[in-house]
Amino acid sequence: MSAPITFASIGKSFRRPHSPKPEMVLDNFSLHIRSGELLALVGPSGVGKTTLLHIAAGLEVPDIGSITVGSSGRPARLGMVFQQPRLLDWRSVRTNVDLAATAAGKDPKRGLALLNAVGLADYTEVYPTSLSGGQRQRVGLARAFAVEPELLLLDEPFSALDELTARRLRLLLQELWKQAPPTGILVTHNMLEAAFLADRVVVLGGKPARIREEILIELRRPRHPEDPALFEAHRKIMTVLTSIA
Amino acid sequence: MTEIAKGSYERGVTNRVRKTPALLRALPAILPSVMFCVVLLLLWEGMARYEASPLVPSVGEVAAEAKRILSGGLALQQIGITLGRILLGFSVAFSLSIILGIVAARNVFARRFLEPSIILGLTVPGLVWALLCVIWFGVSLTTPVVSIALGVFPALVLHVIQGVQSVDAELIEMAKIFRLSRRDKFLHLWIPSLLPYLISGSRVGLSLAWKVIVLVELFGLSNGVGYQLNSEFSSQNVAGVLAWTIVFWVVMIVIEYGILQTLEKRATIWRRVAAT
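Below you can see the structure in the form of structure tokens.
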């Protein structure tokens, strides 16, 4: 189950400290993401990717315009994986996942099953502080999927990990995604990651942000990280990015 | 799991190799504190012998006094009364400071409104609260409770404000995104984050409460440790004054090690597990 998401004519300004004039990050910005589609937002730093993600998460409210998630009136179940895992260090791995699962009205058994799926079956009762960075982010993934998300937000989820660990976790994410694909937004600076995970890569540029290019990645899942087609997509994204920089 | 298992395995090994009783193993931890007490006693005894005056009783005399007040059950009864008043006043201050501290930490207007009262409270001597409360409320229970609450609240509320401000904003965001219930947020995010601050606040608060209650009992009440101190003072029994002080000091140490440090250890167990 997943929820389509529509940004309709969004406008958002921020007032930076020591700056008299508000800075317009988004103006009349529209974007539709189909149900079950994973969309990657890429572009230079400060272009407004995170703002869009925060608006989708309900952490920020647009000045004008509207955002619709799902078709029914109720709020969509939301899962998020952050750059840092953001775990409650004083609660066991299992409690961390269970709290999210029960808040979403899911059976806590689902949390345990997901910890199994991410390879942490032996670590359910330990504190997150005794885990490695990669393991902690696995907990973050398990938590995000434990709520059976209709909308999954990925905020540079693997950028703090070494490349080998990040690659393993991308494969794991792909695995979890396949089981019940939510609608997803991925913000990343790693273009190969965008190509590997996303169905569509949206390149943003300018101020206020505009969609400079949309690149469809029409590869069947499961994808392989060494697939030459991914490198081709990566090259395309980089070409657009370097042309707007 | 492996981390914990490894820790207990290592402890198991040392146990088998050394086979030392628990007290002996705890010795390195308590030795410095014990040494302090011994040095203090020796210095005191030296001073008492040098002065050879009734104003400076020897260690033996103080010990005999302590034995006297303890053996009749008088000390425990009076300490119970004083401790009861401390706990009542402290609880009032604790509840108020949690509510107002959270409000002040999250609302700038409330913080600025409360700030003068905190500074005022911190600078007013406990003696003033004691005198005013005795004048206003007489010998009722209100006197010790209100004066302790007034004396303890500023320090406690400062700790609560600091604690609330130190709660990780990223975790608050996480809790919002995953729509944790108010109860879960309170139990699993707010309380664990605040606990270290509440414990250190309680530590300061309890010692402040003791300083206030002694004065209140001395001026306005007819029982409690403060009253007993005053009556020993009136009969010029220096050994008695010291004995009461020491017996109460022991009670406070029991509270510190028995309650506060145990709570602290339990609250921070996740940090130590990580360190193994």
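Heads up: the sequence lines are chains Z and P, in that order. Following our numbering, the numbering of the first sequence begins with 1 at its first residue and continues without gaps. Following our numbering, the numbering of the second sequence begins with 1001 at its first residue and continues without gaps. All C-beta atoms, glycine included, are put in the ideal place defined by N, C-alpha and C. Source: prediction; values computed, not measured.
Query                                                                                                                                                   : Result
Could you check how far apart the C-beta atoms of residue 1062(P) and residue 1243(P) are, in whole angstroms? I think they sit under 8 Å.              : 6 Å
Going by DSSP, what residue range makes up the alpha helix (DSSP H) through residue 213(Z)?                                                             : Run containing residue 213(Z): none in the alpha helix (DSSP H); it sits in the beta strand (DSSP E), 210-216.
Under three-state DSSP, which class holds residue 189(Z)?                                                                                               : coil
From the DSSP secondary-structure annotation, give me the bridge partner or partners of residue 8(Z).                                                   : 66(Z)
Mind reading off the beta-carbon distance from residue 1247(P) to residue 1064(P)? Whole number of angstroms is fine, and I expect it under 8 Å.        : Actually they are not in contact, since the Cβ atoms of residue 1247(P) and residue 1064(P) sit about 13 Å apart, beyond 8 Å.
Quick one: which chain P residues come within Cβ less than 9 Å of residue 147(Z)?                                                                       : 1178 and 1179
Would you mind working out which of 138(Z), 63(Z), 88(Z) and 232(Z) sits nearest residue 117(Z), comparing C-alpha positions?                           : 138(Z)
Let me confirm a value: residue 1133(P) is counted as buried when at least 16 other C-beta atoms fall within 10 Å, else exposed. Which label applies?   : buried
By alpha-carbon positions, which one of 68(Z), 211(Z), 214(Z) and 196(Z) ends up nearest to residue 222(Z)?                                             : 196(Z)
So which residues on chain Z does residue 1173(P) lean against when the C-beta distance must stay under 7 Å?                                            : 59
Assign residue 150(Z) to one of three DSSP states: helix, strand, or coil.                                                                              : coil
Output the distance between the C-alpha atoms of residue 1225(P) and residue 1129(P), rounded to the nearest integer angstrom.                          : 18 Å
Closer than 7 Å, Cβ to Cβ, to anything on chain P: give me those residues from the segment 156-185 of chain Z, in chain order.                          : none
Quick one: Cα of residue 1150(P) to Cα of residue 1083(P), how far?                                                                                     : 17 Å
For residue 1060(P), report the span of its beta strand (DSSP E) as first-last.                                                                         : Where residue 1060(P) is concerned, there is no enclosing beta strand (DSSP E), although the alpha helix (DSSP H) it sits in stretches over 1059-1071.
Within the continuous beta strand (DSSP E) that includes residue 18(Z), where are the two ends?                                                         : Counting along the chain, residue 18(Z) falls outside any beta strand (DSSP E), and DSSP gives it neither H nor E.
Looking only at DSSP bridge pairs, what is residue 115(Z) linked to?                                                                                    : Bridge partners of residue 115(Z): none, in fact.
What does the alpha-carbon distance come out to for the pair residue 1267(P) and residue 1260(P)?                                                       : 10 Å
Strictly below 7 Å CB to CB, what residues from chain P border residue 100(Z)?                                                                          : 1178
Mind checking if residue 78(Z) is an interface residue toward chain P, Cβ cutoff 7 Å exclusive?                                                         : yes
Select from 1236(P), 1194(P), 1081(P) and 1174(P) the residue whose C-alpha is nearest the C-alpha of residue 78(Z).                                    : 1174(P)
On the DSSP bridge assignment, give the partners of residue 1161(P) in chain order.                                                                     : According to DSSP, residue 1161(P) bridges with nothing at all.
Determine whether the Cβ of residue 1021(P) lies closer than 7 Å to any Cβ atom of chain Z.                                                             : no
Quick test of your reading: residue 204(Z) and residue 43(Z), contact by CB under 8 Å. State the CB separation rounded to the nearest angstrom.         : 4 Å
For chain Z, check one thing: does any of its Cβ atoms lie closer than 7 Å to the Cβ of residue 1264(P)?                                                : no
For residue 54(Z), does the count of other Cβ atoms within 10 angstroms reach 16, so buried, or fall short, so exposed?                                 : buried
Kindly indicate the opening and closing residues of the alpha helix (DSSP H) around residue 257(Z).                                                     : Any answer about residue 257(Z) is impossible in this case: the structure gives chain Z only from 1 up to 245.
Name, please, each residue of chain Z whose Cβ falls closer than 9 Å to the Cβ of residue 1170(P).                                                      : 82, 84 and 86
When you compare each of 26(Z), 105(Z), 46(Z) and 57(Z) to residue 183(Z) by their alpha carbons, which one comes out closest?                          : 57(Z)
Taking 7 Å as the CB-CB cut-off, is residue 1015(P) touching chain Z?                                                                                   : Low confidence applies to residue 1015(P): its pLDDT is 44, below 50, so where it sits in the model is not reliable enough to give any reading.
Excluding five sequence neighbours on each side, which residues of the same chain lie with their C-beta closer than 7 Å to the C-beta of residue 96(Z)? : 87, 88, 128, 139 and 143
If residue 114(Z) sits next to residue 146(Z), beta carbons under 8 Å apart, how far is it from one beta carbon to the other, in whole angstroms?       : 5 Å
Using beta-carbon positions only, say whether residue 271(Z) and residue 66(Z) come within less than 7 Å of one another.                                : Nothing in the structure corresponds to residue 271(Z), since chain Z is present only between 1 and 245.
Between residue 1070(P) and residue 1144(P), what straight-line distance do the alpha-carbon atoms span, to the nearest angstrom?                       : 24 Å
With a cut-off of 7 Å, does the C-beta of residue 152(Z) fall near any C-beta of chain P?                                                               : no
Using the C-alpha atoms, what's the distance from residue 235(Z) back to residue 228(Z)?                                                                : 11 Å
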